Amino acid sequence: MRFACYIPLRLIEMPPSHWLVVSRHYPKLHIPGSSPEQALKEAASLVLDGVRALLYHHRLPPGLGEPLEQGEVALHIPLTLASKLALLQGLKSVGAQSNPSACDLLGIGDKHLRTLLDPLRPTKISNIEE
178 MRFACYIPLR
188 LIEMPPSHWL
198 VVSRHYPKLH
208 IPGSSPEQAL
218 KEAASLVLDG
228 VRALLYHHRL
238 PPGLGEPLEQ
248 GEVALHIPLT
258 LASKLALLQG
268 LKSVGAQSNP
278 SACDLLGIGD
288 KHLRTLLDPL
298 RPTKISNIEE
């Protein structure tokens with residue numbers, strides 16, 4: 178299974194010299210900025226906070242890794258958060274819908290699984306590779 182970890186966003190130029198970031202998956206996301214870089218930076222902060230909140234509730238964000246449409250840019254998810262999303266997506270794809278079933282499948286304890294999936298706790302890559 179291939180895992181692409183980004184959220185598609187669209188930059189729209191608004192006269193005079195303003196930019197707007199919108200998303201087809203987050204209809205209420207309208208982030209203004211004075212430059213494309215500033216608008217994307219503001220949007221990244223809000224979108225990543227939303228992704229962390231969804232992950233905390235063991236839900237995957239909509240639009241994760243979907244092919245970009247013309248005019249869209251990819252907001253790449255940081256590696257530490259992407260690894261947690263990949264683990265959650267893998268668990269869901271094999272039917273592990275609860276913590277006990279995921280723990281049995283991975284052969285780890287519930288506390289370790291919660292740590293691996295907790296978006297607020299950094300996970301060492303070596304722990305993920307085990």
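178 is the number of the first residue of the sequence shown in our numbering; add one for each residue after it.
Quick reminder that beta carbons are idealized off the backbone N, C-alpha and C, glycines included.
Here the structure is a predicted model, which means the values were calculated and not measured.
Could you give the distance in angstroms between the alpha-carbon of residue i and the alpha-carbon of residue j?
| i | j | result |
| --- | --- | --- |
| M178 | L241 | Annotation note: pLDDT 47 at M178 (below 50); position unreliable, no value reported. |
| S270 | R187 | 29 Å |
| M191 | S211 | 10 Å |
| Q266 | E246 | 23 Å |
| P255 | L197 | 23 Å |
| T292 | G272 | 20 Å |
Who are the near neighbours of residue i in its chain, counting only those whose CB is closer than 8 Å to its CB and skipping five residues on each side?
| i | result |
| --- | --- |
| R229 | L258, P296 and L297 |
| L290 | N276, A279, C280 and L283 |
| D287 | N276, P277 and C280 |
Using three-state DSSP, classify residue i as helix, strand or coil.
| i | result |
| --- | --- |
| L241 | coil |
| E249 | strand |
| H234 | coil |
| L268 | helix |
For a cutoff of 9 Å on Cβ pairs, would you count residue i as touching chain C?
| i | result |
| --- | --- |
| H289 | The structure shown contains no chain C, having only a single protein chain. |
List the endpoints of the continuous beta strand (DSSP E) containing residue i.
| i | result |
| --- | --- |
| A273 | Segment: none, A273 is in no beta strand (DSSP E) and carries neither H nor E. |
| R187 | Y183 to M191 |
| G210 | H207 to G210 |
Less than 6 Å between C-beta atoms, sequence neighbours within five positions excluded: which residues of the same chain meet that for residue i?
| i | result |
| --- | --- |
| P238 | V228 and L231 |
Starting from residue i, trace the alpha helix (DSSP H) in both directions and tell me its first and last residue.
| i | result |
| --- | --- |
| H202 | First-last for H202: undefined, no H or E at that position. |
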